[in-house]
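So the protein sequences, as listed, match chains W and L.
Going by my numbering, the first sequence runs without a break in its numbering and finishes at 1420.
Going by my numbering, the second sequence runs without a break in its numbering and finishes at 890.
Positions of the beta carbon are idealized from the N, C-alpha and C atoms, including for glycine.
Quick caveat, the model's predicted, so the values are computed rather than measured.
Below is one structure, written out as structure tokens, with a few remarks after it.
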Amino acid sequence: MKHILKILALLVAISAFWIGLLQASVIPESYTWLLPLYFIVSLGCYGVLMVGVGLMQFPTCPQEALLLHQDILEARDFLKNKGVDVGSN
Amino acid sequence: MDLADKAVGLLLSVISLSVFTYYTFWVIILPFVDTDHFVHKYFLPQEYAILIPVFALAALLCFLCMFVGYVMLKSKKKKA
């Protein structure tokens, strides 16, 4: 329950800031109307950018993959000697 | 296999950066430019700057609701 209250408080603060900007007329009014939409679009863009960057930097560890493959073969042989068949190739 | 991942990641980042710069240019810089500058040709009329994101958000919301409803129906059918 407390987490939702925090999020709601944040939303109320942002709306109050936006309405204050509207009333103060520091920025031309057409800008202030478009500002929330602009922030939503830029947040979506930022999310996609982080996903793309994470994909590009994902480490694949080829040596560990080789070791894992050898472990799998060893385990399969061991189990076959014990009588259990787990071969799927 | 990791080359395909890197290519997809690069494509995503390029798309997101270009969308961000296009939208920033559209909403923030274009109203300050005189109306008979040539650069206005490359951007759609300003109403679309509002319509397209709102339409995309509404479509995403509809898709999410449909997906949730579909999953709920499928789980109820499996239980009955």
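Close partners of residue 826 of chain L in chain W (Cβ separation under 7 Å): 1376, 1379, 1380, 1383.
Contact with chain W is found for residue 860 of chain L, since one of that chain's Cβ atoms lies less than 8 Å from the residue's Cβ. DSSP, reduced to helix, strand and coil, places residue 890 of chain L outside both helices and strands of the structure shown, so it counts as coil. Under the 10 Å beta carbon count, residue 872 of chain L is surrounded by fewer than 16 other beta carbons and is classified as exposed. Following the DSSP letters along the chain, one finds residue 1400 of chain W inside the alpha helix (DSSP H) bounded by residues 1393-1413.
Chain W places a beta carbon closer than 8 Å to that of residue 841 of chain L, counting this residue as a contact.
One finds 1376 in chain W with Cβ atoms closer than 7 Å to the Cβ of residue 829 of chain L, taken in chain order.
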